[in-house]
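For the sequence shown, the numbering used here puts the final residue at 303, and the numbers step up evenly by one.
Just so you know, even glycine gets a beta-carbon here, dropped at the ideal spot from N, CA and C.
In this text, all values refer to a predicted model and were calculated from it rather than measured experimentally.
Here is the structure we will look at, set down as structure tokens.
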Amino acid sequence: MKINIACPSTGLQKVIEIDDEKRLQNLYERRMAQEVDGSVLGEEFAGFIMRITGGNDKQGFPMRQGILTNTRVRLLMHKGHKGYRQRRAGERKRKSIRGCIVGQDIAVLNLAIVKIGDQPLAGLTDDSVPRRLGPKRANKIRALFNLTKDDDVTKYVISRTFTSKKGKEVRRAPKIQRLVTPLVLQRKRARKAAKLASVLRNKEDAAAYKKLVAQRLAEQKEARRSLISKRRSTRRSQKLAAEA
């Protein structure tokens with residue numbers, strides 16, 4: 060079985076291959092997101108704590124969290140499910156997926172280092188890879204540099220400079236997302252004012268409609284009353300003419 064070990068703090072990863080069944084027995088029947096003592100992989104990993112993040116079986120089917128089996132199952136999947144990409148709107152399809160429990164059929168197991176041990180590991184903890192791309196969201200930039208809401212986030216954006224084909228120095232930086240600026244607040248106030256104006260306008264329109272309906276009903280009643288009075292006067296005049 061191949062073990063793919065990643066160290067998020069340094070950005071490095073390393074693949075080792077273990078054929079000893081006795082060492083692999085310590086990984087069997089473990090679930091995804093469970094933590095494993097590194098000493099089960101070898102003496103050089105003593106003191107390390109690793110989390111199982113996933114894996115693939117010998118045919119390439121990935122493990123999926125929440126499926127409590129160590130075998131392969133066929134699930135009816137739709138848009139949003141892992142391991143499935145819909146081709147048509149509303150399409151559902153039954154696809155094979157591996158359970159979240161480690162079994163003997165796993166070919167590659169992915170581990171992430173949660174706690175680093177005392178001894179450095181070559182290719183994992185002895186070096187670090189700088190982050191080429193930084194976070195874009197304002198709150199994530201604040202969390203990365205431990206900033207407060209009063210600090211200017213735009214000064215801490217991770218950017219890169221390179222030479223273009225024309226020989227110019229070009230600086231590239233991501234556009235900060237969810238950044239609260241005076242323009243954003245102005246637009247928010249405008250949306251709120253528009254919503255309030257719409258509510259007031261709807262109330263006025265409803266009151267005007269109600270008044271108009273009442274007026275129309277009063278006009279209908281008056282027209283009916285005048286029609287009835289006309290009929291009565293006509294009948295009375297006809298009766299008097301017949302008696303004469």
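Residue nearest to P67 within the set D164, I200, D186, K270 is D186 (criterion: CA-CA distance). Non-local beta-carbon contacts of G106 in its own chain, meaning distances under 6 Å to residues more than five positions away in sequence, involve G176, D177 in chain order. The count of Cβ pairs closer than 8 Å, one atom from the stretch 199-212 and one from the stretch 122-139, stays below three, leaving the stretches out of contact. D185 sits in coil when the DSSP states are folded into three classes, being neither helix nor strand. Distance from the CA atom of T220 to the CA atom of Q145, rounded to whole angstroms, is 39 Å. Annotation for V132: the continuous beta strand (DSSP E) segment containing it runs 131-136. With contact defined as three or more Cβ pairs closer than 8 Å, the stretch 158-173 and the stretch 109-116 are in contact.
Taking the CA atoms as reference points, K199 sits about 15 Å from A232.
As computed with DSSP, K247 is found in no beta bridge at all. Between Q72 and I64, the beta carbon gap of about 6 Å places them in contact (Cβ cut-off 8 Å). Distance check between G125 and each of G182, E281, V161 places V161 closest, using alpha-carbon atoms only.
For the stretch 71-130, the continuous beta strand (DSSP E) assignments of 3+ residues that do not extend past its boundaries occur at 71-76, 94-96, 108-116, in sequence order.
Listed in chain order, the beta strand (DSSP E) runs fully inside the stretch 146-229 are 152-157, 165-174, 219-222, counting runs of at least 3 residues.
Taken through DSSP and simplified to helix, strand or coil, R237 comes out as coil.
Secondary structure at A232: coil, using DSSP grouped into helix, strand and coil.
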